[in-house]
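Novice: In our numbering, the protein residues as written are 5 to 275. Each residue gets a CB set at the ideal place from its N, CA and C atoms; glycine is no exception.
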């Protein structure tokens, strides 16, 4: 693997992998190092704007929005609602409000960050990768942007060399997956939660060949189940780069972490 010696990019609104606990795990794509970044918004409606239309009570209570630096000095209710802000939470709220107040300006800043990501990846002979929904679940395919004076339908079209990936609880994404309507460079994994509607959607996704992430009560260091509901389980904790997973209706097994260890809603599947 090539050693990155170039100075890390300084982003306006994205977070570079080295600064994100979610993305620190090493990964490669066809032998080249993955150089990744993520966008963190204020989840649910913490900013006054809903950005997680498929959310459930279980996922809210277990949300990683409060993990790492996002939780230091901030307080939350058991349901995941923000009580006391810290600098990280304030930045996520401000960033989310900026997106809704000035979408064109926000996307211009995001495009500038993605340009830096691509340039850095080129310097270290890496594969640029970006997760738009680090703590949100928005449909970025319908948000246009401008790159080098040219308007594109979305960031995926504007940056064909970037590998994008996300998790989602929005059932409409399953339909887009089945119809082949998702951008070719955008990998989306459905996320199983505790509600009946979500469980039905998760099984529909698996039967149709879409990968589904499932959080198990398996502890750190313990082996995940080999099979769940008739589908092979792969270890999703090895890396967060879901676009490197085998495709075809696999269960992406995740071990419960943080507040999810105490889940009683059914969001976490007992083992």
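Please name the residue, chosen from 35, 126, 268 and 107, that lies closest to residue 199 on a Cα-to-Cα basis.
Specialist: Checked all of 35, 126, 268 and 107; the closest Cα to residue 199 is 268.
Novice: Can you say whether residue 195 is buried or exposed, counting buried as having 16 or more other CB atoms within 10 angstroms of its CB?
Specialist: buried
Novice: Check whether the Cβ atoms of residue 147 and residue 115 lie closer than 8 Å to each other.
Specialist: Contact: no.
Novice: Return the first residue and the last residue of the alpha helix (DSSP H) that residue 139 is part of.
Specialist: Premise fails: residue 139 is in no alpha helix (DSSP H) and is neither H nor E.
Novice: Is the beta carbon of residue 178 less than 8 Å from the beta carbon of residue 214?
Specialist: Yes, the Cβ-Cβ distance between residue 178 and residue 214 is below 8 Å.
Novice: Is it right to say residue 94 is buried, meaning 16 or more other beta carbons lie within 10 angstroms of its own, or is it exposed?
Specialist: exposed
Novice: Compute the Euclidean distance between the alpha carbons of residue 124 and residue 15, then round it to the nearest angstrom.
Specialist: 12 Å
Novice: Closer than 8 Å by C-beta to residue 161: which residues in its own chain qualify, once you throw out the five before and the five after it? Chain order, please.
Specialist: 187
Novice: Give me the DSSP bridge partner(s) of residue 150.
Specialist: 155
Novice: Tell me, to the nearest whole angstrom, how far the beta carbon of residue 41 is from that of residue 18; I am working on the premise that it is less than 8 Å.
Specialist: 4 Å
Novice: For residue 191, which residues from the same chain have a beta carbon less than 6 Å from its beta carbon, with the 5 sequence-adjacent residues on both sides left out?
Specialist: Cβ contact annotation for residue 191 (same chain, cutoff 6 Å, sequence separation greater than five): 169, 246 and 247, in chain order.
Novice: Measure the alpha-carbon distance for residue 209 versus residue 224 and round it to whole angstroms.
Specialist: 27 Å
Novice: Please report the straight-line C-alpha distance between residue 100 and residue 35, rounded to a whole angstrom.
Specialist: 35 Å
Novice: Whose C-alpha, out of 155, 231 and 257, is nearest the C-alpha of residue 241?
Specialist: 257
Novice: Using CA atoms only, rank isn't needed, just tell me which of 227, 217, 152 and 66 is closest to residue 244.
Specialist: Residue 217 is the option with its Cα nearest to residue 244.
Novice: Looking at the unbroken beta strand (DSSP E) that takes in residue 209, where does it start and where does it end?
Specialist: Unbroken run through residue 209 is the alpha helix (DSSP H), 200–211; no beta strand (DSSP E).
Novice: Could you give the distance in angstroms between the alpha-carbon of residue 171 and the alpha-carbon of residue 108?
Specialist: 24 Å
Novice: Taking DSSP as the reference, what is the three-state secondary structure of residue 239?
Specialist: strand
Novice: Hey, how far is the Cα of residue 275 from the Cα of residue 144?
Specialist: Taken atom to atom, the span from the alpha-carbon of residue 275 to that of residue 144 is near 35 Å.
Novice: Can you look up residue 62 in the DSSP assignment and give me helix, strand or coil?
Specialist: helix
Novice: Quick one, which of 165, 222 and 163 has its alpha-carbon nearest residue 264's?
Specialist: Residue 222 is the option with its Cα nearest to residue 264.
Novice: Could you please give me the residues that DSSP links to residue 184 through a beta bridge?
Specialist: Answer is none; residue 184 lacks a bridge partner.
Novice: In or out: residue 165 buried (at least 16 other Cβ within 10 Å) or exposed?
Specialist: Exposed: under 16 other Cβ atoms inside 10 Å.
Novice: Helix or strand or just coil, what does DSSP make of residue 94?
Specialist: helix
Novice: Work out the CA separation of residue 167 and residue 260 for me, nearest whole Å.
Specialist: 26 Å
Novice: Under a Cβ-count criterion, where at least 16 other Cβ atoms within 10 Å of its own Cβ denotes burial, should residue 76 be classed as buried or exposed?
Specialist: Its pLDDT being 47, under 50, residue 76 is placed unreliably by the model, and the measurement read from it follows with that caveat. So residue 76 ends up on the exposed side.
Novice: Residue 262 to residue 271, Cα distance in whole Å?
Specialist: 13 Å
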